[in-house]
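Position in the sequence shown (from 1) plus 1 gives the number in our numbering.
All C-beta atoms in this analysis are idealised placements derived from N, C-alpha and C, irrespective of residue type, glycine included.
Here is the structure we will look at.
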Amino acid sequence: MVLVIGTGGAGLRAAIELAEAGVGVLAVGKRPREDAHTALAAGGINAALATMDPEDSWQQHAADTLKESYLLADPRTVETVTQGAARGIDDLDRYGMAFAREEDGRISQRFFGAHKFRRTAFAGDYTGLEIQRTLIRRADQLDIPVLDGVYITRLLVHDGAVFGAYGFDLTNGKRYLIHADAVILAAGGHTRIWRRTSSRRDENTGDSFRLAVEAGARLRDAELVQFHPSGIIEPENAAGTLVSEAARGEGGILRNALGERFMSRYDPVRMELSTRDRVALASYTEIEEGRGTPNGGVWLDVSHLPRHTIMTRLPRVYQTLLDLQMLDITREPIEIAPTAHYSMGGVWVRPEDHSTDVRGLYAIGEASSGLHGANRLGGNSLIELLVFGRVTGRAAAAYSQSLTAQPRSASAVAEARAEIDDLLVADGPENVRALQRAIRNTMTEHAGVVRDEEGLRAGLAELSVIEKRMADIGVHPDIAGYQDLAHTFDLKSAALAARATLESALERRETRGCHNRSDYPEPDPALRVNLVWSPTTGITRESIPAVPDEISALMEEVSTDGKLAE
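This is the structure in structure tokens:
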């Protein structure tokens, strides 16, 4: 049996592959499967189908991906995803997904920024939601058991091999001891450790990172975090909620508090259609230099667009702002600021099958690393879920079927049980939520869009104080459930992810893609490496294979004329 942790797009696609291969599978998630993070993805999913532009190819998709990664993506991972992308779309089509189509039945594809051709398939501005629904439907057809509301606290390892996991039910505290031949981690990234983020409360707190590292795996490029240019600022409980980049793609204009269209200073050719890292840096700079709005943002204005365009092309943006702020975007501008959006680094995995340092343990989706480097192309994350869901599901199936016996460890199970037992009697003065907020404040202040040596060292000093305070927490489950216990494990994950991020950002003394060091404003050729982190060995530099000639020949500047932003 194979255990899949996480029930978003990556986890469900892996579970489907396992079930279709005839291997027993159990999928476990802490959120309801219908509410997984994948459902929030709006724009589209990439594959060189050539339905709109016959000259497109997987090689060109690979070239665009590698170029925009600032050469930090692994060419082997990129090749696997771009070559397997059409198959991924075919799978969704076979499962019954309702793609937008041309009049003759072809799957429609549109431009996203930094893609040379139209290769982004979509379903309105709710592509991720439609993918999630499609995968849930297929999992139901295959009778795949899915447990919602179960929090996995520890992977069980013996002699360097995983043999299962331990956790509890979020509602009643019931314990789960799950024995498995292999485990696939698909539990997201770590963007919730910043104060303003597109992730919702209690998701993407670094769960995958902590589970993998405590099991003996390592992290790669934890410092490479994509900040989305357009997160709303108010209300506070929704700060960071995304305004889709389709708003800029349809003609939205960015202005500072003085009314200046400031992108002319940062990318006069592409303006608002520049790449995410550049638009985020531009907005950050305007705010830092005193030209921001009273709430510390900039204005995104679509009110000059025809009302019909807004209602048909940006319906979700219109409804979101109406619901959250009673703001009519057909009449008034939107106040936005950069928001932590996507973990481009993650658990260290092998490019061929996403296996880790721990035998039988795999990581996929935002939990993993290798595809995006220092800047992720919009639409690539959704196709990654499908390709490596399939590839890794197949690899885990083969691994499971190859085992003739599986040694287990009673002491490993006892440690996992004791960890929860000890926390349930913890009655210290420190509040878990307050410490989570402290980590978010530290990361926002010292490891945001722009970093420097002094700030990163100050962040590490603050984090050390927070880690000491964590020894005196109080944990208080109540009649509503065991959320407080879950928050405690979220806190442990956030602290580990924050340390990995700060230490790796300190080591990357250059500016490259999403990673802006004000004290090192240029890229350093010697740092065209991946930074691999673990709490025991610190940071090591990992060389990146050369880009194959057939792909490097296609790497060129790509026009953004008439294209949606990424």
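Which residues does DSSP list as the beta-bridge partners of residue i?
i	result
T538	Answer by DSSP bridge pairing: none, since T538 is not bridged.
G347	R221
H229	T340
L27	L4
L156	A166
Y177	G168
R292	Answer by DSSP bridge pairing: none, since R292 is not bridged.
E543	N531
D149	G30
Y363	I185, S356
V299	I337
D428	G475
S369	V348
H516	R513
V451	N517
Cα-Cα, which of the options is closest to residue i?
i	options	result
P326	A64, S356, E235	Sequence inspection shows Gln at residue 326; the Pro mentioned does not correspond to that position. Of A64, S356, E235, the residue nearest in Cα terms is E235.
A338	V299, L328, S370	V299
N381	L27, H116, V29, L13	H116
S344	D329, G374, H355, P316	G374
L555	A63, L50, R34	A63
W195	V163, R176, H229, L212	H229
C515	L378, T78, D94	L378
P524	R509, T537, P536, L532	R509
L424	L492, L41, E551, A368	L492
V350	H342, E333, A368	A368
G190	T39, I552, I480, S403	T39
G347	E336, L282, A187, R452	A187
T121	Q142, A51, R249	A51
L301	A239, E261, M53, I17	E261
A49	G371, Q110, L27, R95	Q110
A448	R518, A427, R395	R518
Count the other C-beta atoms from every protein chain shown that fall within 10 angstroms of the C-beta of residue i, then say buried if there are 16 or more, exposed otherwise.
i	result
K564	Any reading at K564 must be qualified, since the residue scores a pLDDT of 43, below 50, and its modelled position is unreliable; no value is offered.
R547	Position check: residue 547 holds Ala in this sequence, whereas Arg was assumed. A547 should be labelled exposed.
A472	exposed
S265	exposed
T405	exposed
P526	exposed
R277	buried
D65	buried
N205	buried
A415	exposed
N47	buried
H342	buried
P334	buried
T537	exposed
E567	Its pLDDT being 40, under 50, E567 is placed unreliably by the model, and nothing is read from it.
G10	buried
L243	buried
Given residue i, which residues of its chain have a CB within under 7 Å of its CB, disregarding the five upstream and five downstream residues?
i	result
S544	V530
R470	E431, L436
G293	N257, A258, E287, V299
M312	Y319
G207	H191, I194, S494, A495, L497, A498
L67	A74, P76, V79, V548, I552, M556
A99	A124, E131
I'd like the list of long-range same chain contacts for residue i, defined as Cβ closer than 6 Å, with 5 residues on each side in sequence excluded.
i	result
A501	L220, A223, W534
F123	G45, A101
H388	The sequence shown places Val at residue 388, not His. Only V82, G85, G89 meet the Cβ criterion.
S401	V3, V24, D182, A183
R542	V530
D144	none
Q61	K117, L555
H477	D485
E468	A496
D268	S275, R279
Kindly indicate if chain B contains any beta-carbon less than 7 Å away from that of residue i.
i	result
V214	Any reference to chain B falls outside this structure, which holds one protein chain only.
Quick one: measure Cβ to Cβ for residue i and residue j, integer angstroms, because I've assumed they're closer than 8 Å.
i	j	result
L225	K31	So it is not a contact: roughly 25 Å between Cβ atoms.
I365	T393	5 Å
G97	R138	7 Å
G361	V163	4 Å
V29	L212	About 12 Å separates the two Cβ atoms, so there is no contact after all.
L507	L457	5 Å
A216	L178	Between L178 and A216 the Cβ distance is about 16 Å, and since that is not below 8 Å, they are no contact.
T443	E420	Their Cβ separation, rounded to whole angstroms, is 25 Å, which puts T443 and E420 out of contact at 8 Å.
T135	A43	Their Cβ separation, rounded to whole angstroms, is 16 Å, which puts T135 and A43 out of contact at 8 Å.
So, at 8 Å on beta carbons, what are the nonlocal neighbours of residue i in its own chain, with the 5 sequence-adjacent residues on each side left out?
i	result
G539	E504
R434	H488
Is residue i near the ligand MG, going by C-beta to nearest heavy atom under 6 Å?
i	result
A258	With respect to the ligand MG, the structure shown offers nothing to examine, as it has no ligands at all.
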